[in-house]
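I have placed the structure first, in the form of structure tokens, so that the comments after it can refer back to it.
Protein chains in written order, with the working numbering: chain F, 1 to 176; chain C, 177 to 306.
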């Protein structure tokens with residue numbers, strides 16, 4: 001398998017322990033820019049991205065994020081602009097905006113991996129606390145944090161599920 | 177009961193105060209006995225949660241937060257005390273979520289907002305320093 005895209009996809013891992021080394025501004029911009037190329041329903045631009053580099057803000061974010069095991073050197077907080085979502089007539093329970101949070105995050109995680117950064121997504125955090133810490137305008141709701149940094153030499157063990165289905169069992173071809 | 181205090185010192189203790197220009201550590205507000213009590217509660221709550229209803233989990237966590245707030249209140253700075261009161265009050269209001277899960281979530285969100293507002297001030301997130 002020589003295709004570099006497939007190699008990147010298969011070698012990317014969630015990194016949960018990071019060093020104190022900083023993320024350079026141009027690296028952060030590269031990761032942010034990659035989100036533009038993620039698939040978004042109708043190209044409606046329903047999301048906002050908050051780039052966080054200040055150590056105190058990163059520290060405060062981690063305090064309100066039980067799922068953030070790593071201490072990132074930078075972070076990108078992916079937010080849904082619900083005011084804009086509503087202006088398009090989407091129902092508040094519509095899954096579309098959430099799906100696009102995922103595509104944006106996955107794209108940024110791959111971009112980070114592509115330029116040699118460590119990255120990991122976090123969804124276990126207090127939305128209200130993060131919005132307060134980031135002073136987000138009304139209508140923006142943070143939904144996922146992409147943590148960025150450099151991998152520490154030792155990583156906590158990955159989550160493994162015993163007795164789960166084999167990958168092949170998760171796939172249905174055509175009609176069941 | 178004799179509490180074994182965590183290491184520390186200051187103008188009123190037997191150790192000399194910090195030299196002029198030295199970096200001063202923030203005051204210690206939790207002694208070892210209380211820290212171990214909380215540690216024991218959290219570890220055992222993790223275990224008991226495996227046998228209990230899922231709705232107990234937030235209650236146990238808030239209990240831990242409430243106990244921690246109670247433990248550190250006597251030595252906490254004035255800036256922290258309103259949050260500690262909020263946490264202790266929040267625990268008593270959110271003790272049970274049965275019957276009003278939506279209201280429970282709202283009260284928890286309000287508590288999270290209080291925590292964040294305190295962090296904005298205590299960490300000076302609006303300041304020019306990093």
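Think of the CB as a built atom: it goes at the ideal place given N, C-alpha and C, for glycine as much as any other residue.
Taking the beta strand (DSSP E) that residue i belongs to, which residues open and close that run?
i: residue 146/F; result: 140-149
Determine the extent of the alpha helix (DSSP H) in which residue i is found, giving its start and end residues.
i: residue 242/C; result: 232-248
i: residue 251/C; result: No alpha helix (DSSP H) contains residue 251/C, which DSSP labels as neither H nor E.
i: residue 8/F; result: 4-11
Mind checking whether residue i and residue j have CB atoms under 8 Å apart?
i: residue 121/F; j: residue 146/F; result: yes
i: residue 225/C; j: residue 243/C; result: no
i: residue 20/F; j: residue 299/C; result: no
i: residue 118/F; j: residue 149/F; result: yes
i: residue 240/C; j: residue 221/C; result: yes
i: residue 283/C; j: residue 266/C; result: yes
i: residue 62/F; j: residue 54/F; result: no
i: residue 5/F; j: residue 46/F; result: no
i: residue 23/F; j: residue 133/F; result: no
i: residue 16/F; j: residue 69/F; result: yes
i: residue 124/F; j: residue 67/F; result: yes
i: residue 264/C; j: residue 245/C; result: yes
I want to check one thing, is the minimum distance from the CB of residue i to the heavy atoms of the ligand MG below 7 Å?
i: residue 135/F; result: This structure does not include the ligand MG; it has no bound ligands of any sort.
Under the three-state reduction of DSSP, which class applies to residue i: helix, strand or coil?
i: residue 300/C; result: coil
i: residue 16/F; result: coil
i: residue 223/C; result: helix
i: residue 73/F; result: coil
i: residue 95/F; result: coil
i: residue 102/F; result: helix
i: residue 202/C; result: coil
i: residue 26/F; result: helix
i: residue 159/F; result: coil
i: residue 40/F; result: coil
i: residue 51/F; result: strand
i: residue 81/F; result: strand
i: residue 120/F; result: strand
i: residue 131/F; result: helix
i: residue 45/F; result: coil
i: residue 108/F; result: helix
i: residue 68/F; result: coil
i: residue 258/C; result: helix
i: residue 167/F; result: helix
i: residue 175/F; result: coil
i: residue 115/F; result: coil
i: residue 136/F; result: coil
i: residue 276/C; result: coil
i: residue 89/F; result: coil
i: residue 154/F; result: coil
i: residue 207/C; result: coil
- Task: Determine which residues of the stretch 117-146 of chain F have a Cβ less than 7 Å from any Cβ of chain C, and write them out in chain order.
- Result: 126, 128, 129, 132 and 133
- Message: Quick test of the definition: if touching needs 3 or more C-beta pairs under 8 Å, does the stretch 152-170 of chain F touch the stretch 80-87 of chain F?
- Response: no
- Relative to chain C, which residues along the stretch 61-86 of chain F have a C-beta separation below 8 Å, given in chain order? 63 and 64
- Can you find at least 3 beta carbon pairs, one from the stretch 22-32 of chain F and one from the stretch 128-140 of chain F, that sit closer than 8 Å? no
- Message: Three Cβ pairs or more, each shorter than 8 Å: is that satisfied between the stretch 33-40 of chain F and the stretch 93-109 of chain F?
- Response: Touching, yes.
- Item | contact_flag[the stretch 282-300 of chain C, the stretch 256-267 of chain C] where n(CB pairs < 8 Å) is 3 or more | Three or more pairs of CB atoms, one per stretch, sit closer than 8 Å, so the stretch 282-300 of chain C contacts the stretch 256-267 of chain C.
- Item | Three-pair Cβ contact test at 8 Å for the stretch 64-79 of chain F versus the stretch 165-172 of chain F | In the pairwise beta carbon analysis, the stretch 64-79 of chain F is classified as not touching the stretch 165-172 of chain F: fewer than three pairs are separated by under 8 Å.
- Task: Report the residues of the stretch 28-61 of chain F with a CB closer than 8 Å to any CB of chain C, ordered along the chain.
- Result: 54, 55, 56, 57, 59 and 60
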